[in-house]
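Below: the structure, in structure tokens.
There are 2 protein chains.
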Amino acid sequence: MHTHTAPVRRTQVERCCWPSSLRLLTVCALIAGCSAADTDITLDAKATLNHRIQSLDLLVFVFLLALTVLTIWLFKHHRVSWLHETGLAVIYGLIVGAIIRYAGTNTTLVHMQVEPQGIPTYNAKLPPDTLWFKYPVNQTNATKLPEGVKTYAYVFRGQVYDIEENEIDLKATFDPEVFFNIILPPIIFYAGYSLKKKYFFRNLGAILTFAIVGTTLSAFLIGGVMYGCVKLMPNYLSSSFTFLDTLYFGALISPTDPLTILAIFHDLHVDVNLYALVFGESVLNDAVAIVLSGAIQNYGEHYSNTGEFETTAFLRSLSDFFCIFFLSLLIGAVMGCFTALLTKFTRVRDFPLLESALFVLMSYSTFLLAEATELTGVVAVLFCGICQAHYTYNNLSEDSRQRTKQIFELLNFLAENFIFSYIGVSMFTFPKHHFDAGFIITAFICAALGRAVNVYPLSWLLNIKRKPKISSNFQHMLFFAGLRGAMSFALAIRNTVSDARQTMLTATSLIVIFTVIIQGGAANFFLNWLKIPVGVDDETEQLNNYQVHSSDGYLQDVEGGGGGRGKTRLSSGADSNLDTPLDGNAATATIAAGGRRRNSHEKAILARIWGNFDTKYMKPLLTHSRPTLLETLPVCCNPIARLLTTTQQLTQDGSEFRRVDSDSDICIDNDTGNGLSQDGLGVGRRNSINRMEILEHVQSPVSTRIRLLGFYGKKL
Amino acid sequence: MHTHTAPVRRTQVERCCWPSSLRLLTVCALIAGCSAADTDITLDAKATLNHRIQSLDLLVFVFLLALTVLTIWLFKHHRVSWLHETGLAVIYGLIVGAIIRYAGTNTTLVHMQVEPQGIPTYNAKLPPDTLWFKYPVNQTNATKLPEGVKTYAYVFRGQVYDIEENEIDLKATFDPEVFFNIILPPIIFYAGYSLKKKYFFRNLGAILTFAIVGTTLSAFLIGGVMYGCVKLMPNYLSSSFTFLDTLYFGALISPTDPLTILAIFHDLHVDVNLYALVFGESVLNDAVAIVLSGAIQNYGEHYSNTGEFETTAFLRSLSDFFCIFFLSLLIGAVMGCFTALLTKFTRVRDFPLLESALFVLMSYSTFLLAEATELTGVVAVLFCGICQAHYTYNNLSEDSRQRTKQIFELLNFLAENFIFSYIGVSMFTFPKHHFDAGFIITAFICAALGRAVNVYPLSWLLNIKRKPKISSNFQHMLFFAGLRGAMSFALAIRNTVSDARQTMLTATSLIVIFTVIIQGGAANFFLNWLKIPVGVDDETEQLNNYQVHSSDGYLQDVEGGGGGRGKTRLSSGADSNLDTPLDGNAATATIAAGGRRRNSHEKAILARIWGNFDTKYMKPLLTHSRPTLLETLPVCCNPIARLLTTTQQLTQDGSEFRRVDSDSDICIDNDTGNGLSQDGLGVGRRNSINRMEILEHVQSPVSTRIRLLGFYGKKL
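Residue numbers (UniProt numbering), protein chains in the order written: chain S, 1 to 716; chain P, 1 to 716.
Listed below in structure tokens is the structure:
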């Protein structure tokens, strides 16, 4: 029985701003020195201090982001390509983290051991939610409470695992759940919302194979190998790891996050199929990994007591995995479709602000709904984003399309850079790191191994049936694109109660930092080395394959930016298609319809079945597209079909909305997409030039000019 | 000495979703019934439950907002004008609040009285930050902790005031600080960012008088009268109120929030000076009220022990008020100007996404900086917003201008509707309401009285010197526009520890609800009754006064929307100014320069001095405008002036950037402003018509068409 009172402990959540440190010291002095003052005032001062510390914490990150933004600009301005913004954010994060760690001031946390008043009768299975603690206050001002005793409430926080040293840090930099509830949702939603559906669907089979089979395979392989290696290590480490721990590590280190690579692909116009493979896989394997790690967690906590293999527990975890994944998918899809219906059958598009608000609210409610029903919000928003892009986007007014895209683009940018800064900062400030060189080296090797198992055998399998085969250079690039990022880190920092988990966090942080900076930086070089064709526009690729999509390619050219790399972009299709580029989508679709028979054999069967169903039933139901349900449903259903078909759908100009080939339906298409996307490199300048060139070509009546206005209005 | 274990208490933070209630019951059953299960699992289930409850809470509000959005659309669609969106949000909030209150399930909070372990030696002035509590766990699985005893940490929450009944509700719906840190900042920033500076500066004197003198006067009057009245009331009430309490009430009930009125003004094109008075005052008096109430709070807590009048304490509070107000103003202005410098001297505008991100980050860091230095963040972002609009906005790329405006517009819309929904919901769910009919009636009378004292005597004073006098009808309208809103509620709910404060919260909530619904609904009728001229465009007003601003008015016409009220908008200036409307600002400015001598005597002296300084030094320094510093600074400063002048500033076309009269410099001007603002009523349709009409007029060469494209690109 001993009373801990005010043992001085460091909490590393500190700041580096000098004026505030001064004020901080003042308040500390106030707290320490005012023996005659009222406890209320000191408490008040302390609450103020806490608020200010929180503000400062956030301020550090906001400044860090602002600094990153300015440096990215400098880099882009001077055409530096060996460091991407996420790498930069990590590096700045590391620097600031080190400053905070070694130059920051300390605050102390005081704790006291307590016991129940009177005879402890525990009739509940749970510790109480709050403790009430009577504290004698030697105050002179007796007007407020005559006894001089105040009762304070204390809220349940969590278990203290290691009483001697590594106690729970109650001022942790950020609650890890922040990532799952605030930072990741906009990133994942934007990934879904900006998915290039055209090539995504064409490569659906390969993407699903890599994402679902590959990630699972990689997780189990890494888990197994790591377990073997760990057992060969010194005792203190091997005793703290169970197989479930290493399996969890396998699941969290498997998802890839090739932001850097994709930015470079985008700038260099790398082959679209490669782009689709890398992007599609990285989006979906995030979803797989979060559900997989949840299932592994459940296996350990609920179904199995021993940590060894048990068949029933395994089956329950497996069903968990599939249930949660598909129910989350369902919720996301249903909410997306519901938004599409709302925007189709109301005229809310007359008021773009209301429409945008509705869009944002419905998307956010998808996340909340999934979380409230114990599903995975992040997976739900991913599929919600895909549905919003595929259906709702078509119903939105021009203003809302642009506004929603711009908002989510900005949110995505800020969230992404925040999380990478935080990875850097937390390397120094997060109190629960546990460095172990052996584990870290093994983890690096296993991460590479896991990626290799994901890419090579599956590519070989896919190549058996696949028409445009995945060449070995593409396979190497896929392997190389296996950077680890936000999702791995968020999963690793979520649970750091045991030594094993802390070791895993440290290894994960280092892998993320290393891959983002080194692999991200070397991507350009690697592309050259592997002789991956760059500057391959949609245009070229399509002209080679089908000789039809020229107008689409032309549009992408005009809009794609490409940083003034000096290539002659106004090429081939331009002159012959002088009229069609004005509404590129329709033109593409019409032309694509002609080429459809030719390329349909190249599409995956899955994509073809879905494409047919989508064009015949889903799109007519959820958007204003043609053919209407009146045409596609059997005659007996005509009354219902009429009810679900809007007047607009019946009366509109067929050429504008008819999209025969769902494959070529890029909802977030190039004409609005690229001009506003990640880099926006020199778009302003290029546009003004191209616009003039087009104007000099076009000698058409007023109506065309209006279409021109409408078209160019979109991207300005 | 007694042990409270599991006394069943209602906490009113409940939800209404049936499937979730079912699941909730399941988990509750699980918690209660699993005597053999592991405590860890139960704790885990409880944590999950808590997370789900939070998600559900948020979900309720998100659905409420979505419902509000849809209903607003219906109302606008059917041209219902007697209920504004904020009124609607309040009404829906009340309904949902009632449902939650009377149909919700209950969760129970368990608390336990504890005492220090061993001999309590309190050598600190403060209660400890955390309590460590050893809890015996009758678990069978002894692998984890052999003793069967776990230590849990409890975090300090706050004082328990009334042990018997009204104990601290640890599951309060939302932490009131959420309003000051998340909800209010975007609202206030947007108010500053969208301030119509033209008429704002012309009416600066009146606005400052109403906002600073008026609000203070009103606060003290209400405080005094309320104190007198309260002392006449039954003993239990009169004993709980001090003069400081009623003064605080005066300060929090004084700021006005005429959202509804302004929306109607905007739709009906009410006289611009009246609009500027109402808007300018409401923006500034929020800032005054928050600082004033902070000073009163400080007076009570820090400077005075008795609650009676003390000269030194009063003087210290007074200096607090001025210091905090002007330092916050300064931080906001400095950060705004710093952003302007950043955007002027870098070419970050080549990358609109980076530029927008920088803008958002700098604006948010203003708030954090002010909070971290113990100033008032809300006041800082207000002035930051004004500076961003006045300077930075001019440096931004077209894309960023639109993006930032759209983002903050949407944030403002969501935040506003959220807070009004919450006012409705909390009327039923917030546990600390204290109804007292006498106090509420007195509060209503005093609120009206305070508004009257604010408007009538000050108008009389102002009319002595003012050139366009404030007519008595305008004064009645000003009085009537005194709705109470978000700021009053946020200040009232911030502190609810005493009976007095709870009574004040209830009265404030009711005043807000009443004024928003009833006064807001009657505004249209009242406008007619007072014969306030509506349909007064800038155009008409300006044509009458100066006969020059026609092109500006014309632009506003084209863009203003006005909901197809059928007025002939393409009038007067249109044909004669076929060329100038294309860059309306420049045209306005140039013409205004001619009319300047004529109208300068009508401007307030303050505005004139500031305008000169601004045009000569601030704008050349912070934006790309002309004249440059080389022209305005004395010759000896030429080297510095050259350094601060960009090449763009020297080489650009003078007519585009020369803004002689800062008064006519509407940064957020009508051509981009109104088209995207609050209602967006029928803008899409109108634009397409007008665009065609203009196109039929314009028969000019390619270069003009490009300017056309640039101009229309802005608002699409």
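A virtual CB, placed ideally from N, CA and C, is assigned to each residue, including glycine.
Nearest chain P C-beta to ALA500(S) closer than 7 angstroms, yes or no? Sequence index remark: in the first sequence, residue 500(S) carries index 500 (1-based). It does not: the Cβ of ALA500(S) has no partner Cβ on chain P nearer than 7 angstroms.
The segment 196-220 of chain S: which residues have C-beta closer than 9 angstroms to a C-beta of chain P, in chain order? none
Under the rule that 16 or more other beta-carbon atoms within 10 Å means buried, what is TYR617(P), buried or exposed? As a working note, residue 617(P) is residue 617 in the second sequence. Label assigned to TYR617(P): exposed.
Helix or strand or just coil, what does DSSP make of VAL114(S)? Within the first sequence, residue 114(S) is the residue found at index 114, counting from 1. The answer is strand: DSSP assigns VAL114(S) an E or B state.
Pair within 7 angstroms by beta-carbon distance, LEU606(P) and LEU204(P): As a first step, residue 606(P) is located in the second sequence; it is residue number 606 there, counting from the start. As a first step, residue 204(P) is located in the second sequence; it is residue number 204 there, counting from the start. Closer than 7 angstroms, so yes.
Using the rule of at least 16 other Cβ atoms within 10 Å of the residue's Cβ for burial, across every protein chain shown, is ARG642(S) buried or exposed? By one-based count along the first sequence, residue 642(S) stands at place 642. With fewer than 16 Cβ atoms within 10 Å of its Cβ, ARG642(S) is classed as exposed.
Comparing alpha-carbon positions, which option in LEU358(P), LEU284(P), LEU247(P) and THR260(P) lies nearest GLN297(P)? Start at 1 with the first residue of the second sequence, and residue 297(P) comes out as number 297. Cα-wise, what sits closest to GLN297(P) is LEU247(P).
Run through chain P and tell me which residues come within less than 8 angstroms of HIS51(S), C-beta to C-beta. Within the first sequence, the letter at position 51 stands for residue 51(S). GLU177 and GLU371, listed in chain order.
Could you compute how far the alpha carbon of HIS390(P) sits from the alpha carbon of PHE367(S)? What you label residue 390(P) is simply residue 390 of the second sequence in a count that begins at 1. What you label residue 367(S) is simply residue 367 of the first sequence in a count that begins at 1. Going by the C-alpha atoms only, they are around 38 angstroms apart.
Just to confirm before moving on: does the CB-CB distance between GLY280(S) and ILE207(S) stay below 7 angstroms? For this step, residue 280(S) is matched to residue 280 along the first sequence. For this step, residue 207(S) is matched to residue 207 along the first sequence. In this structure, ILE207(S) lies closer than 7 angstroms to GLY280(S) by Cβ.
CB-CB under 7 angstroms to SER240(P), same chain, minus the five flanking residues each way: which ones, in chain order? The count along the second sequence starts at 1 and reaches residue 240(P) at position 240. For SER240(P), where only same-chain residues beyond five positions count, the Cβ hits under 7 angstroms are SER498, ASP499 and ALA500.
Give the DSSP bridge partners of ARG451(P), in chain order. Here the question's residue 451(P) lines up with position 451 in the second sequence. ARG451(P) is not bridged to any residue.
Count the other C-beta atoms from every protein chain shown that fall within 10 angstroms of the C-beta of THR588(S), then say buried if there are 16 or more, exposed otherwise. Along the first sequence, read from residue 1 onward, the residue named residue 588(S) stands at position 588. Bear in mind that a pLDDT of 39 at THR588(S), under 50, signals an unreliable position, so the model cannot answer this.
Is ALA357(S) close to chain P? Criterion is C-beta to C-beta, closer than 7 angstroms. Counted from its first residue, the first sequence places residue 357(S) at position 357. Interface residue, yes.
Could you name the residues of chain P that ASP44(S) contacts, counting a contact when the two beta carbons are closer than 8 angstroms? Within the first sequence, numbered from 1, the residue matching residue 44(S) stands at position 44. Simply GLU301.
Terminal residues of the alpha helix (DSSP H) in which TRP82(S) lies: Counting from one through the first sequence, the residue named residue 82(S) turns up at place 82. Element bounds for TRP82(S): n/a, residue is neither H nor E.
Short-range partners of chain S found in the segment 320-352 of chain P, where Cβ spacing is below 9 angstroms: LEU342, THR346, ARG347, VAL348, ARG349, ASP350, PHE351 and PRO352
At which residue ranges does the segment 338-386 of chain S contain complete alpha helix (DSSP H) runs of 4 or more residues, listed in the order of the chain? 352-372
How would you list, in chain order, the residues of chain P whose beta-carbon sits under 7 angstroms from the beta-carbon of ILE407(S)? Reading the first sequence from its first residue, position 407 is the one you call residue 407(S). Neighbours of ILE407(S) on chain P, chain order: ILE407 and LEU410.
Straight-line gap, LEU318(P) to ALA263(P) (C-alpha atoms, nearest Å): In the second sequence, counting from the first residue as 1, residue 318(P) sits at position 318. In the second sequence, counting from the first residue as 1, residue 263(P) sits at position 263. Approximately 36 angstroms between the Cα atoms of the pair.
Taking Cβ to Cβ, would you say ARG494(S) is nearer than 7 angstroms to GLN406(P)? Counted from its first residue, the first sequence places residue 494(S) at position 494. Counted from its first residue, the second sequence places residue 406(P) at position 406. It is not a contact, given that the beta carbons lie outside the stated cut-off.
Find out if the Cβ-Cβ distance for the pair LEU505(S), ALA492(S) is shorter than 7 angstroms. Here the question's residue 505(S) lines up with position 505 in the first sequence. Here the question's residue 492(S) lines up with position 492 in the first sequence. Going by C-beta atoms, LEU505(S) is nearer than 7 angstroms to ALA492(S).
If you draw a straight line from the C-alpha of ASN448(P) to the C-alpha of LEU65(P), how long is it? Here residue 448(P) refers to the residue found at position 448 of the second sequence. Here residue 65(P) refers to the residue found at position 65 of the second sequence. Reading off the sequence shown, one finds Ala at residue 448(P), where the question assumed Asn. Their Cα atoms are separated by approximately 30 angstroms.
Cα-Cα separation, PHE613(P) to LEU633(P): As a working mapping, residue 613(P) is identified with position 613 in the second sequence. As a working mapping, residue 633(P) is identified with position 633 in the second sequence. The alpha-carbon atoms of PHE613(P) and LEU633(P) are separated by roughly 11 angstroms.
So is LEU527(P) buried or exposed if we call it buried at 16+ other beta carbons inside 10 Å? Counted from its first residue, the second sequence places residue 527(P) at position 527. Result: buried.
Quick one: any contact between the segment 80-91 of chain S and the segment 516-524 of chain S, if contact means 3 or more CB pairs under 8 angstroms? yes
Counting only Cβ-Cβ distances shorter than 9 angstroms, please list the residues of the segment 373-396 of chain P near chain S, keeping chain order. THR373, GLU374 and GLY377
Would a C-beta distance cut-off of 7 angstroms place SER254(P) and SER218(P) closer than the cut-off? As a first step, residue 254(P) is located in the second sequence; it is residue number 254 there, counting from the start. As a first step, residue 218(P) is located in the second sequence; it is residue number 218 there, counting from the start. Against a cut-off of 7 angstroms, the Cβ pair of SER218(P) and SER254(P) comes out as a contact.
Which residues of chain S have a Cβ atom closer than 9 angstroms to the Cβ of MET362(P), listed in chain order? By one-based count along the second sequence, residue 362(P) stands at place 362. Under the 9 angstroms cutoff, chain S gives VAL62 and ALA66.
Contact with chain P by VAL80(S), beta-carbon distance below 7 angstroms: The sequence position of residue 80(S) within the first sequence is 80, counting from 1. With 7 angstroms as the cut-off, VAL80(S) does not count as an interface residue toward chain P.
Please classify ARG626(P): does DSSP put it in a helix, a strand, or coil? On the second sequence, residue 626(P) is found 626 positions in, with the first residue counted as 1. Three-state result, ARG626(P): strand.
Endpoints, the alpha helix (DSSP H) within which CYS229(S) is located: Taking the first sequence and counting its residues from 1, the one referred to as residue 229(S) is at position 229. CYS229(S) -> alpha helix (DSSP H) spans 215-231.
Top-ranked residue by Cα proximity to VAL272(P), from THR628(P), PHE428(P) and ILE532(P): The residue you call residue 272(P) lines up with position 272 of the second sequence. Checking every option, the nearest Cα to that of VAL272(P) belongs to ILE532(P).
Would you decide whether LYS467(S) is buried or exposed? Buried here means 16 or more other CB atoms lie within 10 Å of its CB. Counted from its first residue, the first sequence places residue 467(S) at position 467. Label assigned to LYS467(S): exposed.
Just how far apart, CA to CA, sit GLY250(P) and GLU177(S)? Looking up residue 250(P) in the second sequence gives position 250. Looking up residue 177(S) in the first sequence gives position 177. Their backbone Cα atoms lie some 41 angstroms apart in a straight line.
Distance CB(MET233(S))-CB(GLY450(S)) smaller than 7 angstroms: Taking the first residue of the first sequence as position 1, residue 233(S) is located at position 233. Taking the first residue of the first sequence as position 1, residue 450(S) is located at position 450. For MET233(S) and GLY450(S), no; Cβs fall outside 7 angstroms.
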